[in-house]
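In what follows, a single structure is set out as structure tokens and then discussed.
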Amino acid sequence: MLKIALIVLTMGEAGTLHIAFTQADTMEGCKARAEVVSGILTDAGTKIEAVRCGDTDFTFTPYGHDHADADRRWQYHVTVQGDAIEDGFKLRPVEAGNCKAESDAGEYCAVSAQAPTTE
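Sequential numbering of the sequence shown, starting at 1, is according to full-length UniProt numbering.
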């Protein structure tokens with residue numbers, strides 16, 4: 001069953017692209033959360049690469065702050081669609097070192113401390 005998720009792609013201090021996930025009950029709720037999170041990150045000086053809401057087959061372990069670099073062991077290939085928050089994304093977990101992305105095509109390779117799960 002598809003679920004609505006918010007993805008946030010941010011540039012880490014070491015130049016590594018990070019991805020964070022949050023589930024939402026509705027697209028409207030996801031868009032509202034995206035605006036709040038984007039504002040907080042922008043105010044903190046964090047470089048945001050992309051923010052999207054969309055459907056996914058995955059659920060994710062809960063988001064937490066202050067992860068050590070070693071915790072960011074889950075790697076994802078992400079394609080963001082369109083320009084608007086609600087335009088969605090495609091996502092797939094990949095093995096370490098096996099991600100290829102063309103940034104001009106809206107593709108990214110990102111790491112996360114959040115593991116993918118399925119229900």
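Glycine is no exception: its CB is placed at the ideal position from the N, C-alpha and C atoms.
Cβ-heavy atom distance between residue 83 and the ligand GDP below 7 Å? Looking at this structure, you won't find the ligand GDP or any other ligand, since it has none at all.
Which partner residues of residue 3 appear in the DSSP bridge assignment? Your numbering for residue 3 matches position 3 in the sequence shown. Paired residues: 56.
How is residue 113 classed by DSSP in three states: helix, strand or coil? Walking along the sequence shown from the start, residue 113 turns up at place 113. Residue state, collapsed to three classes: coil.
As assigned by DSSP and simplified to three states, the class of residue 73: Here residue 73 corresponds to residue number 73 of the sequence shown, with the count starting at 1. Three-state DSSP puts residue 73 in coil, outside helix and strand.
Whole-angstrom distance between residue 26 and residue 80, CA atom to CA atom: Position 80 of the sequence shown, counted from the start, is the residue given in the question as residue 80. Position 26 of the sequence shown, counted from the start, is the residue given in the question as residue 26. One C-alpha to the other measures close to 19 Å.
Short of 7 Å in beta carbon distance, which residues of its chain neighbour residue 89, apart from the five on each side in sequence? Order them along the chain. The residue given as residue 89 occupies position 89 in the sequence shown. So the list reads 7, 52, 54, 78, 79, 80 and 81, once near-sequence residues are dropped.
On the DSSP bridge assignment, give the partners of residue 14 in chain order. As a first step, residue 14 must be located in the sequence shown, where it is residue number 14. Note: residue 14 sits in no beta bridge, so no partner.
Paired residues, beta bridge with residue 107 - DSSP: The count along the sequence shown starts at 1 and reaches residue 107 at position 107. Answer is 79.
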